[in-house]
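Undergrad: Below is the structure I would like to discuss, written out as structure tokens.
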Amino acid sequence: MLRETRPELIEANTFKLIGQEWMLITAGNMKSFNMMTASWGGFGVLWGKDVCLAFIRPVRYTYKFVEQNHLFTLSFFEEKYRGVLEFCGAHSGRDTDKIKKTGLTPFQTPKGSISFKEVKLIIECRKIYFQDINPANFLDPSIETNYPAKDYHRMYIGEILNVLRK
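Position 94 (the sequence shown) corresponds to 98 in our numbering; numbering is contiguous.
Have a look at this one:
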């Protein structure tokens, strides 16, 4: 059973939550959606709003869904779902039915986006800004090593509309 809470009441260490436990970024609707595993992102306050930062490479299938929709979710799972997150990070929804392969149960959130019944935490967001990573702005040249294929991320800033947790 999920219940609503406020962003400031999230008790988890967000560095651990994103960087170590990972998340699924999901966008679309019940007829057509995709999700991808991510371990880069953040939370904060910007322009007087509670926001999240999500980073997606344009080559990822989920990119198309985030581009075409105003809403997206960040879904967090208990450790027993690590294999699901690994699978969703290693396989593309272009040629794999991730729902069938993982056994996740999608549902429509109160605001109309997509998440999964197995989650422990959902952050539901509305896109309010995007910016493409520009390598000319790297002040630390070692950052470039994250981009051997020169496939630089697009950063999305999402206003947090809803937080649901177990």
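Heads up, the beta-carbon is just placed ideally off N, CA and C, and yes, glycines get one too. All figures in this text were calculated on a predicted structure; none of them were measured in a lab.
Between THR18 and ASP99, what straight-line distance do the alpha-carbon atoms span, to the nearest angstrom?
TA: Here residue 18 is taken as the residue at index 14 of the sequence shown, counted from 1. Here residue 99 is taken as the residue at index 95 of the sequence shown, counted from 1. Going by the C-alpha atoms only, they are around 32 Å apart.
Undergrad: How about LEU108 and LYS102: are their beta carbons less than 9 Å apart?
TA: The residue you call residue 108 lines up with position 104 of the sequence shown. The residue you call residue 102 lines up with position 98 of the sequence shown. For LEU108 and LYS102, yes; Cβs fall inside 9 Å.
Undergrad: By alpha-carbon positions, which one of ASP136, ASN141 and GLY45 ends up nearest to ALA58?
TA: Numbered from 1 along the sequence shown, position 54 holds the residue referred to as residue 58. With distances taken between Cα atoms, ALA58 lies closest to GLY45.
Undergrad: What's the gap between the Cα of GLU128 and the Cα of GLU148?
TA: For the purposes of this step, residue 128 is taken as residue 124 along the sequence shown, with counting starting at 1. For the purposes of this step, residue 148 is taken as residue 144 along the sequence shown, with counting starting at 1. Going from the Cα of GLU128 to the Cα of GLU148 covers about 31 Å.
Undergrad: Could you pull out every unbroken beta strand (DSSP E) segment of at least 3 residues lying fully inside the stretch 109-159, listed in chain order?
TA: The qualifying runs are 110-112, 118-120 and 125-136.
Undergrad: Starting from CYS56, follow its DSSP beta bridges and name the residues at the other end.
TA: As a working mapping, residue 56 is identified with position 52 in the sequence shown. Note: CYS56 sits in a beta bridge opposite PHE47 and GLY162.
Undergrad: Of the residues GLY32, ARG10, THR41 and SER36, which one's Cα is nearest the Cα of GLY23?
TA: Against the sequence shown, residue 23 aligns to sequence position 19. The shortest Cα separation from GLY23 among GLY32, ARG10, THR41 and SER36 belongs to THR41.
Undergrad: Could you name the residues that DSSP lists as bridge partners for ARG98?
TA: Start at 1 with the first residue of the sequence shown, and residue 98 comes out as number 94. According to DSSP, which records beta bridges pairwise, ARG98 is partnered with nothing at all.
Undergrad: Would you say CYS92 faces chain D, with C-beta separation under 9 Å as the test?
TA: No chain D is part of this structure, which consists of one protein chain only.
Undergrad: Counting C-beta neighbours from all protein chains within 10 Å, is the total for ASN73 16 or more, i.e. buried, or is it exposed?
TA: For the purposes of this step, residue 73 is taken as residue 69 along the sequence shown, with counting starting at 1. Per the 10 Å Cβ criterion, buried.
Undergrad: Have a look at LEU28 and LEU21 and give me their C-alpha separation to the nearest angstrom.
TA: Taking the first residue of the sequence shown as position 1, residue 28 is located at position 24. Taking the first residue of the sequence shown as position 1, residue 21 is located at position 17. Distance between the alpha carbons of LEU28 and LEU21 is about 11 Å.
Undergrad: CA-CA distance, ILE137 and ARG158?
TA: Residue 137 sits at position 133 when you count from the first residue of the sequence shown. Residue 158 sits at position 154 when you count from the first residue of the sequence shown. Answer to the nearest angstrom: the Cα atoms are 6 Å apart.
Undergrad: Which residues bound the beta strand (DSSP E) around GLY32?
TA: Sequence index remark: in the sequence shown, residue 32 carries index 28 (1-based). That run of the beta strand (DSSP E) goes 27-33.
Undergrad: Taking only three categories from DSSP, how would you classify GLU8?
TA: Walking along the sequence shown from the start, residue 8 turns up at place 4. Note: GLU8 maps to strand in three-state DSSP.
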